[in-house]
Structures are given as structure tokens and as C-alpha cells.
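For reference, the structure is listed below as C-alpha cells.
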Amino acid sequence: MSFPPGDMVAAVGTHLHFQRLERLLHERHLELGDRVHLNSTGSQLYLMVKLPGDRGVVLSQSRLGHALVWLIVDPVLGSEPSIWPLDTSSEVLVDAIHAHATARLAGAPVASPWRWHESERSDMTELADLLSERGVHVQRVAAGNRYFAYGPRYEPKLHIADGREGAYVEARLSDIFVRVSIKASVGWLVDMYDPEREAWTRVDLGGSLGRRRLPTPGMPRADVPVSRIADL
């Protein structure tokens, strides 16, 4: 008895996975109705939520460099693709494509935390929301999902944030670039890039927040609310 080759078995398994995602998207988000479409013909397998004008938000598997990932792309120019690890749960994937699709249908921004490519709210997504409300351009949030894209939209590349860096937000206002992070050992850290010196400098949080200087470089997480860090 001969067995099918491994690539054929993998292709069938992937197709069955997409069928499960299609069913789950219908079950969890009934309001999308007949907008949900599974493309199973041709060489490209993908799940789409159709938008007006022959456009759609698409979930597919894609190889970026050496890694196979889940990729969510919507048709809005300037938007970043949303990249998720291959072991991301089906519930997260269908909720992510739903968040992007419903935002585009309503003509509204993608809701937090999905707009930051995160599936759960955290101090980092709250900080990103507060900074965005203050007119600061949030470039990156790395918390639960540490995968993100860089480079041109038509040819994205994958970066995986190092877990040793802790959870962080990267933001820019004019030519000032800031990284705000939380590390288990020291709490809040704020680092700022000085374009004139072309160097990074660490902000003295104790002094900046009107407190005494601390022996450690950060500020304990429980001592400072997220809104205070956003104001700073």
C-alpha cells in the first residue's frame, strides 16, 4: 500500500484548517454573513471577508524569510499587514480578521488591541492608545504577539521581538523616537533617541516624575499608572 507524499498530506491538512477557520468565523461573527469567502481554487488558499468594490480583508499563510506565518492584509493603503505565529489559536485569527473587516466596513480605525496586532489588552496597548490620542505616532507594540512586519508593504519582512527586551511600545513625534518598556526585573523604562547626538539616552524616571532618584534604572510597575507614563 502506497502513501501520499508528505507535501500532499500537508496541503490537505492546511485546507482542512482553512475550512475550520471559515466555519468558526461564521459561528463567532454571524453579522458578516455571506461576506465570508474561502478561496480554495488555484494556487493561493485564503480566507476573505469581502468589502465593497471587489476588495476584502484576507487571511492567508505566507512564508516570510524562513518562517511560515499567518498574514492578515486589508486593502487600505498605508496599513501594515498583521502577522501572527503559525501556532496562533483559531479564535484569535478569526477575531483578528473580524476586527479589521468591521473597521473597514464602518470606515473607522481598527479597534484596540487589534490595531496594534495584539489579541489582549495590556499596559502596552493602553499606553499605545493614550499616545495615539495625544497625536503621537505609535510605530510598534510588542507584548503578547512579538511578530511584526517591516519594509515595503508589497514585500514585507518579518521581525520577531526578543523576549529579553520585555514588552514595549515604540513611538515617534517629529524627529524624536522613544521606546517605553516594562521588564520584570526593573519595571518601567523609557529610552529616547537624540537625533543631534545620534545616540540613545535613558530617561531618569524618578526625577522626571518628581520623585527621588532610584538605585535601579527603572520605576516599579505598580508605582506609576500607565496614564502618567503617557503624559511624560
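At position 209 of the sequence shown (counting the first as 1) the number is 963 in my numbering, and the numbers step up by one without a gap.
Every residue, glycine too, gets a C-beta built ideally from N, C-alpha and C.
Under 6 Å Cβ to Cβ from residue i, same chain only, skipping five residues before and after it: list those, please.
i: S814; result: Y800 and L825
i: S794; result: none
Can the beta-carbon of residue i be found less than 7 Å from the beta-carbon of residue j?
i: G961; j: L943; result: no
i: P835; j: P906; result: no
i: V848; j: L779; result: yes
i: A925; j: V892; result: yes
i: G819; j: L884; result: no
i: L775; j: S844; result: yes
i: F772; j: L786; result: no
i: V827; j: V846; result: no
i: V890; j: L927; result: yes
i: I914; j: R900; result: yes
Where does residue i fall in DSSP's three states?
i: H783; result: coil
i: F757; result: Because F757 carries a pLDDT of 45, less than 50, the predicted location of this residue cannot be relied on, and the following value inherits that uncertainty. Coil.
i: E776; result: helix
i: V827; result: strand
i: L805; result: strand
i: E919; result: helix
i: L770; result: helix
i: R982; result: helix
i: L840; result: coil
i: R875; result: coil
i: S935; result: strand
Determine which residues share a DSSP beta bridge with residue i and list them.
i: R817; result: L822
i: L912; result: A903
i: A896; result: Y922
i: A953; result: D948
If I'm right that residue i touches residue j with Cβ under 8 Å, what's the distance once you round it to whole angstroms?
i: L881; j: V923; result: 5 Å
i: I837; j: F902; result: 6 Å
i: H854; j: W868; result: 7 Å
i: L963; j: R951; result: Going by Cβ atoms, the distance from L963 to R951 rounds to 24 Å, so no, they are not a contact pair.
i: R858; j: L805; result: 5 Å
Which same chain residues, not among the five before or five after residue i, have their C-beta less than 8 Å away from its C-beta?
i: I936; result: D877, M878, G920, A921, Y922, W942, L943 and R975
In its own chain, which residues sit with a C-beta less than 7 Å from the C-beta of residue i, not counting the 5 before and 5 after it?
i: P949; result: D929
i: V940; result: T970, P971 and G972
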